[in-house]
Amino acid sequence: MTATTPTASAAHAAPTARTGRLARLWRGRPEDAPWARPAFLGLLAVTTALYLWNLSASGYANSFYSAAVQAGGESWKAFFFGSLDAANAITVDKPPAALWPMALSVRLFGLGSWQILLPEVLMGVGTVAVLYAAVRRRFGAGAGLIAGAVLALTPVAALMFRFNNPDALLALLMTVAVYGVLRALERAEGAAKWLVLAGVAFGFAFLTKTLQAFLILPPLALVYAVCAPARPLRRFGQLGLAGLALVVSGGWWVALVELWPAASRPYVGGSQNNSFLELTFGYNGLGRINGNEVGSVGGGGGWGETGPLRMFNDSIGGQISWLLPAALLLLLAGLVVTWRAPRTDTARAAFLVWGGALLMTLGVFSFMAGIFHEYYTVALAPYLAALIGMGAAVLWEERTRFAASAGLAAAAGVTAWWGWTLLGRTPDHLPWLRWTVLVAGAVAALGLLAAGRADRRLGLAAAGLGLAAGLAGPFAYTLETLSTGHQGSIVTAGPAGAGFGGRGPGGGGPRMDGGDGGRNGGTQPPNGFPNGFPGGGQVQGGQVQGGQFPGGRMQPPGGQSPGGQNQPSTGQTGQTGQAPTGQMPGFGERGGMGGGGGMGGLLNGASVGAEAKEKLLQDADAYTWAAAAVGAQNAASYQLATEKPVMAIGGFNGSDPSPTLAQFKEYVAEGKIHYFIGSGGGGTGGGMGGPGGGAGSSSEISTWVQENFTAVTVGSATFYDLTSEK
149 MTATTPTASA AHAAPTARTG RLARLWRGRP EDAPWARPAF LGLLAVTTAL
199 YLWNLSASGY ANSFYSAAVQ AGGESWKAFF FGSLDAANAI TVDKPPAALW
249 PMALSVRLFG LGSWQILLPE VLMGVGTVAV LYAAVRRRFG AGAGLIAGAV
299 LALTPVAALM FRFNNPDALL ALLMTVAVYG VLRALERAEG AAKWLVLAGV
349 AFGFAFLTKT LQAFLILPPL ALVYAVCAPA RPLRRFGQLG LAGLALVVSG
399 GWWVALVELW PAASRPYVGG SQNNSFLELT FGYNGLGRIN GNEVGSVGGG
449 GGWGETGPLR MFNDSIGGQI SWLLPAALLL LLAGLVVTWR APRTDTARAA
499 FLVWGGALLM TLGVFSFMAG IFHEYYTVAL APYLAALIGM GAAVLWEERT
549 RFAASAGLAA AAGVTAWWGW TLLGRTPDHL PWLRWTVLVA GAVAALGLLA
599 AGRADRRLGL AAAGLGLAAG LAGPFAYTLE TLSTGHQGSI VTAGPAGAGF
649 GGRGPGGGGP RMDGGDGGRN GGTQPPNGFP NGFPGGGQVQ GGQVQGGQFP
699 GGRMQPPGGQ SPGGQNQPST GQTGQTGQAP TGQMPGFGER GGMGGGGGMG
749 GLLNGASVGA EAKEKLLQDA DAYTWAAAAV GAQNAASYQL ATEKPVMAIG
799 GFNGSDPSPT LAQFKEYVAE GKIHYFIGSG GGGTGGGMGG PGGGAGSSSE
849 ISTWVQENFT AVTVGSATFY DLTSEK
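In this text, residue positions in the sequence shown follow the numbering used here: the first is 149, and each later residue adds one.
Laid out in structure tokens, this is it:
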């Protein structure tokens, strides 16, 4: 009997302990209100459900990165370098950290849309959770919930946390970095470990999107140096330790790549001399600021008007700016309220940190002259959301003062007016919502104006109405974003007309018919090609005249070419997901333009037919590369369909000098490449998409192939068998 008593007691105690842990998880901290933790968990659950809904509609999303993920799932060397193919010909034009979670998922669960995009969803939910934790610590659970909801319902956030570009991981790491700095500002003891956490987050953010990771570093370091509760010498010592953590966490990979013999590693995509440092400080660095992006087709110069109102224009406004005026207003209000606080006041420091991050990123995005796409603005979303939650909480606590209640009223009113304005840019999408938002916002503003003198319940009702009115517009755009698949290199959130990126079937790039903000008047291509489009085309009256592109018009109404529909391709795993057919070519991440037809273009992948897939799979294992194609999107489509290495000649847009003609001839002589994939429709295209066009070594290789090998039409594509000369 005595032998069984402890066992019975242990058996009884184990469920009790588990039940206690679950109860604490649900209840949260004792000092929190009973509703706080359940509401937070509910926010995460709803965010997860929304972001998972209809996830596979985007297929492989950006085939450029999906191909690198597939390669990393097959080869650890490709995983480490971020190679576009498992045979390691060339890398993507970014460091590989953003690819690693997706590649691990594919390695564990196989290739498919969900396996690639699920890690992005988890990053989005994680960002909401970290943001809530950062805001809640100083401003309460209500402020944290508001901040988390604003972030989750920002259209560009809902887009990018379901897409496989690097921006999702970057947003998460930047939010973690801010959280670390805020924790370090709370007290002198233990600050170093939180600064080290921030430094590590910055380091891995650098391995995600290079120098963009450092945009918010100056304001965060400055705020800590001034406001931290420690002696000056200790503050600078702690910052130095954080800097060391940044260098180590971000520099180890760079050092290995630079020291690795170039002959035994893939070419660094996006660079002109096979150097990651050149890529970092050139195309991905100063080139983004001054527009001098070596390697881009035609260079910069067409990425929309720069200036202080750039984030509010027709292209970008609907992506991010719904609550941006209110965030700026609440930042000012928060600083005014905390102005006389002690140097180490954590509330003021929080406004300075989040506000500094917002203003620094906003300033760079507004005035950078190089490549800029609408989806970049997801970087602003956590900072903006935090300021909304914090500012609303501070002014609510001070609402008995007329200035504070007036500030709340102004925030609600300006948000309703700006939502009314943005909704007016897409008048066919829920036309009733526009006036509903304006009227509800106006009523809420009047109620908040009297919140200090009214019954608390009436004040809360007015605040709730104002929040609902402010979030109604972005929520509608977010639902539209979630209901539609997005493919290609340039994507935008919201309904048609909310941005110039690719969404749904046949999404295109920036409009060529004067849709670049009037910069070129609709008469010249907005990326600065000196002689018009590749192939000799010019834009006149919204039409391409004399060029190589089918149909003339660069972007048909609705952003879809005639007959262009999503045609999913099925790979060996049985998963669907390919870019649409009929895509009209537009601007790519590197500024290039691609041929149309069955080959897709530089922005989007091609639809790979069953005949072409079967052709590539024949004896594929006998070759290092089953095929080669000019441009990464073209190569990626065939690689994703067959799960066999396909060489991307010239990298993303065919302008990288890799491989050279001599190297390509050597590969062919050694029997390493089976096919060269030319343009669609029988080999007539030209330009960057097949023989007869391109730039540098890509053009030389295309011409050499065309002169020495016989073209065979396979479905809608043109193949050249490199094992059989003419």
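Glycine included, C-beta positions come from ideal geometry on N, C-alpha and C.
Where does residue i sit, in a helix, a strand or coil, going by DSSP?
| i | result |
| --- | --- |
| alanine 796 | strand |
| phenylalanine 824 | strand |
| valine 639 | strand |
| glutamate 791 | coil |
| alanine 859 | strand |
| tyrosine 415 | strand |
| tyrosine 815 | helix |
| threonine 492 | coil |
| valine 396 | helix |
| phenylalanine 867 | strand |
| alanine 754 | coil |
| alanine 598 | coil |
| threonine 632 | coil |
| glycine 841 | The predicted model places glycine 841 with a pLDDT of 39, which falls under 50 and marks its position as unreliable; any figure quoted below should be read in that light. Looking at glycine 841 - three-state DSSP - the assignment turns out to be coil, as it is neither helix nor strand. |
| valine 240 | coil |
| alanine 776 | strand |
| serine 231 | strand |
| serine 803 | coil |
| glutamate 873 | strand |
Comparing alpha-carbon positions, which option in the options lies nearest residue i?
| i | options | result |
| --- | --- | --- |
| alanine 300 | Ala277, Phe311, Lys792, Ala495 | Ala277 |
| phenylalanine 311 | Ser206, Ala475, Leu500, Leu581 | Ser206 |
| tryptophan 761 | Pro243, Ala592, Pro793 | What sits at residue 761 in the sequence shown is lysine, not tryptophan. Of Pro243, Ala592, Pro793, the residue nearest in Cα terms is Pro793. |
| alanine 373 | Val501, Glu628, Ser803, Ala865 | Val501 |
| isoleucine 638 | Gly567, Gly612, Leu751, Ala768 | Leu751 |
| tyrosine 523 | His634, Arg605, Asp603 | His634 |
| glycine 511 | Thr525, Phe499, Ala560 | Thr525 |
| proline 456 | Phe499, Gly466, Phe515 | Phe515 |
| glutamate 426 | Thr358, Ser469, Ala378, Ala475 | Thr358 |
| arginine 331 | Pro575, Val283, Gly272 | Val283 |
| glycine 272 | Glu814, Leu321, Ser469 | Leu321 |
| threonine 772 | Gln787, Phe812, His822, Gly802 | His822 |
| leucine 613 | Gly561, Leu578, Met250, Glu759 | Gly561 |
| threonine 275 | Ala527, Leu596, Ala475 | Ala527 |
| phenylalanine 460 | Ala646, Gly347, Gly433 | Ala646 |
| arginine 285 | Gly176, Pro380, Leu543 | Gly176 |
| alanine 361 | His521, Thr428, Pro380 | Thr428 |
| phenylalanine 513 | Trp565, Trp451, Leu477 | Trp451 |
| proline 314 | Ala209, Val348, Ala226 | Ala209 |
| isoleucine 797 | Phe229, Ala780, Leu788 | Ala780 |
| alanine 187 | Gly288, Gly220, Val217, Gly618 | Gly288 |
| glycine 537 | Glu628, Thr196, Ala281 | Ala281 |
| glutamine 787 | Val348, Leu764, Leu506 | Leu764 |
| asparagine 801 | Ala777, Leu571, Gln811, Leu809 | Ala777 |
| leucine 608 | Ala592, Phe623, Gly618, Pro622 | Ala592 |
| alanine 226 | Leu252, Ser204, Val395 | Leu252 |
Buried or exposed, going by whether 16 or more other CB atoms sit within 10 Å of the CB of residue i?
| i | result |
| --- | --- |
| asparagine 856 | exposed |
| threonine 858 | exposed |
| glutamine 766 | exposed |
| glycine 260 | buried |
| asparagine 714 | The predicted model places asparagine 714 with a pLDDT of 33, which falls under 50 and marks its position as unreliable; any figure quoted below should be read in that light. With 16 or more other Cβ atoms within 10 Å, it is buried. |
| alanine 563 | Just to set this straight, residue 563 is threonine in the shown sequence, not alanine. So threonine 563 ends up on the buried side. |
| leucine 407 | exposed |
| glutamate 818 | exposed |
| serine 631 | exposed |
| proline 807 | buried |
| asparagine 432 | buried |
| asparagine 438 | exposed |
| asparagine 421 | exposed |
| threonine 509 | buried |
| serine 412 | exposed |
Practice item. Would you check if the region 551 to 564 and the region 488 to 507 touch, i.e. whether three or more CB-CB distances between them fall below 8 Å? Key: Segments in contact, no.
**Study point:** Stretch-stretch touch, CB-based, cutoff 8 Å, three pairs: the region 574 to 592 with the region 470 to 484
**Key:** Using a C-beta cut-off of 8 Å, the region 574 to 592 makes no contact with the region 470 to 484, since fewer than three inter-stretch Cβ pairs fall below that distance.
Point to revise | Secondary structure, alpha helix (DSSP H): runs of 4+ residues fully inside the region 537 to 581 | key: Runs found: 550 to 571.
Review point. With contact counted as at least three CB pairs below 8 Å, one residue from each stretch, are the region 214 to 234 and the region 793 to 807 in contact?
Key: Judged by Cβ distances under 8 Å, the region 214 to 234 makes contact with the region 793 to 807, as three or more pairs qualify.
Check your understanding: How about the region 331 to 349 and the region 375 to 391: do they share at least three Cβ pairs that are nearer than 8 Å?
Key -> Three or more beta-carbon pairs separated by less than 8 Å link the region 331 to 349 to the region 375 to 391, which places the two stretches in contact.
Check your understanding: Does the pairing of the region 460 to 479 with the region 252 to 270 give three or more beta-carbon distances under 8 Å?
Key -> The region 460 to 479 vs the region 252 to 270: no contact.
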